[in-house]
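Let me begin by presenting the structure, written as structure tokens, before commenting on it.
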Amino acid sequence: MSADSQKSTYRVGVVSYRSYGDLAACLESIGNQKLSPDAVRVLDVDPDPAQSDRRSILAERFPWAEFQDFPNRGYAGGANHLVAWASGGENPPDFCLLLNPDVSLEPDFAALLAAAMASGPNVALGTGKLLRPDGRTLDSAGLEMPRHKHPRDRGSEQVDRGQLDQPADVFAASGAAMMLRLSAVSDLMLDGELFDEDFFLYREDTDLCWRAGRLGWRVRYEPGARARHVRGWRRAGRFEVPDSVRLHSFKNHYLQLIKNAPTRELMRDLPAILIWELLRLGFAVLRDRTVLRGYRQAIQLSSRAFHKRRLLQQKLRSPERRRR
Numbered sequence: 050m051s052a053d054s055q056k057s058t059y060r061v062g063v064v065s066y067r068s069y070g071d072l073a074a075c076l077e078s079i080g081n082q083k084l085s086p087d088a089v090r091v092l093d094v095d096p097d098p099a100q101s102d103r104r105s106i107l108a109e110r111f112p113w114a115e116f117q118d119f120p121n122r123g124y125a126g127g128a129n130h131l132v133a134w135a136s137g138g139e140n141p142p143d144f145c146l147l148l149n150p151d152v153s154l155e156p157d158f159a160a161l162l163a164a165a166m167a168s169g170p171n172v173a174l175g176t177g178k179l180l181r182p183d184g185r186t187l188d189s190a191g192l193e194m195p196r197h198k199h200p201r202d203r204g205s206e207q208v209d210r211g212q213l214d215q216p217a218d219v220f221a222a223s224g225a226a227m228m229l230r231l232s233a234v235s236d237l238m239l240d241g242e243l244f245d246e247d248f249f250l251y252r253e254d255t256d257l258c259w260r261a262g263r264l265g266w267r268v269r270y271e272p273g274a275r276a277r278h279v280r281g282w283r284r285a286g287r288f289e290v291p292d293s294v295r296l297h298s299f300k301n302h303y304l305q306l307i308k309n310a311p312t313r314e315l316m317r318d319l320p321a322i323l324i325w326e327l328l329r330l331g332f333a334v335l336r337d338r339t340v341l342r343g344y345r346q347a348i349q350l351s352s353r354a355f356h357k358r359r360l361l362q363q364k365l366r367s368p369e370r371r372r373r
């Protein structure tokens, strides 16, 4: 990996669940970054012993990447571990770049994104322009929050014609390629967690970013920082996604609403929310009854979500924050 004179420093963490087929391209792109990371860790979640040879080949090819076995605590648990690792030591870096294993970065991704985030001390999270493997179709240019309160990726599945080539503050950054300012982590944590491990996987990124925005932090989109994202879940392939994954996504929508949505905003947007929820229920009943269990799971976890909402409200009312 090349040396770089820029001041921003970062570490890279990859949460990988038996994704050895994707990791080679991901790690190669990390190794080609113009702004080199201080360290790289691949969290090998619930590794498959039958694929140990594939991991050994990767470890030999990329000796600067540390592979660590980790129990399956979902993306949220793995990401929390990696952020704690990135924050450790006597001289922690400025940022932690979290990646999915199916993401490949262009060589200046980290340099451009770190520079964009460093330019504003209240920028806590950042992301770049994520494209599908064809390099022409947009995957995510950050996320936006519509009135129905169901976050969606900006530009998703559109042909990239430069329509989202302006840097901007956005509602959220995709967890597939998210950079975090490590000095903001302690303020963003609730109940000892950065990413909510009740979510397990899906929507923990929008939950974190929603909380960050309410606490006065910004989320930055830098279009010059480009990457390719294979993405396992696409609209056309919904039923190729395991039932358990769709179920988590369904119930987590309600958990993030409970935790983050201001009451006035909910009342203002109630008509749009109700219409969307009726459409969502109808689709589930007619096409995807598996996710109906998500209602029960959300109710079971709602007391914990309301507890975290109260913790967030306490932070918002703290005298120190009001003086900022």
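The numbering of the sequence shown is my numbering, which starts it at 50 and goes up by one. All residues carry an ideal CB built from backbone N, CA and C; glycine is no exception.
Serine 105 and serine 57 have their alpha carbons spaced roughly 32 angstroms apart.
Taking a contact to require three or more Cβ pairs closer than 8 angstroms, the stretch 166-176 and the stretch 264-278 qualify as touching. With fewer than 16 other beta carbons inside 10 angstroms of its own, aspartate 292 counts as exposed.
In this structure, phenylalanine 119 lies away from leucine 146, with their beta-carbon atoms at least 8 angstroms apart. Taken in chain order, the whole alpha helix (DSSP H) runs of length 4 or more contained in the stretch 205-248 are 234-237. Secondary structure of alanine 347 (DSSP, three-state): helix.
Leucine 72 has its alpha-carbon roughly 12 angstroms from the corresponding atom of arginine 90.
Rounded to whole angstroms, serine 78 and isoleucine 324 show a C-alpha spacing of 43 angstroms. Taking the CA atoms as reference points, arginine 185 sits about 25 angstroms from alanine 164. In this structure glycine 224 is buried. Its beta-carbon is surrounded by 16 or more other beta-carbon atoms within 10 angstroms. Just measuring C-alpha positions, the residue of Gly262, Gln82, Ala217 and Gln215 sitting nearest leucine 237 is Gly262. Phenylalanine 144 is bridged by DSSP to Tyr59 and Arg230.
The Cβ atoms of valine 132 and histidine 278 lie no closer than 8 angstroms to each other. Looking at the DSSP output, phenylalanine 158 bridges to nothing.
For lysine 178, the uninterrupted beta strand (DSSP E) run begins and ends at 172-180, by DSSP. Following the DSSP letters along the chain, one finds alanine 190 in no beta strand (DSSP E), marked with neither H nor E. For glycine 331, the uninterrupted alpha helix (DSSP H) segment begins and ends at 319-336.
Judged by DSSP in its simplified three-state form, proline 98 adopts helix. With a cutoff of 8 angstroms on beta-carbon distance, valine 219 and leucine 192 are scored as near each other. Per DSSP, reduced to three states, the secondary structure at leucine 250 is coil, with no helix or strand assignment. The beta carbon of arginine 358 sits closer than 8 angstroms to the beta carbons of Ile307, Lys308 and Asn309 from its chain, once the five residues preceding and following it are set aside; these are given in chain order. Just measuring C-alpha positions, the residue of Trp113, His130 and Ala74 sitting nearest asparagine 121 is His130. Residue pairing for valine 89: DSSP places it in a beta bridge opposite Val61 and Ala114. Leaving aside the five residues that flank glutamate 326 on each side, none in its chain has a CB nearer than 6 angstroms to its CB. Taking 8 angstroms as the upper bound for CB-CB distance, tyrosine 124 and glutamate 253 are in contact here, some 6 angstroms apart. Close CB contacts of proline 182 within its chain, under the 7 angstroms cut and outside five residues either way in sequence, are with Arg277 and Val279 (chain order).
Counting other Cβ atoms within 10 Å of its Cβ, serine 235 stays below 16 and is therefore classed as exposed.
DSSP places histidine 130 inside the alpha helix (DSSP H), whose first and last residues are 123-136. Shown here for glycine 126: same chain residues with a beta carbon closer than 7 angstroms to its own, the five before and five after excluded, namely Glu246 in chain order.
Membership of glycine 184 in any beta strand (DSSP E) is not indicated, and neither H nor E is assigned to it by DSSP.
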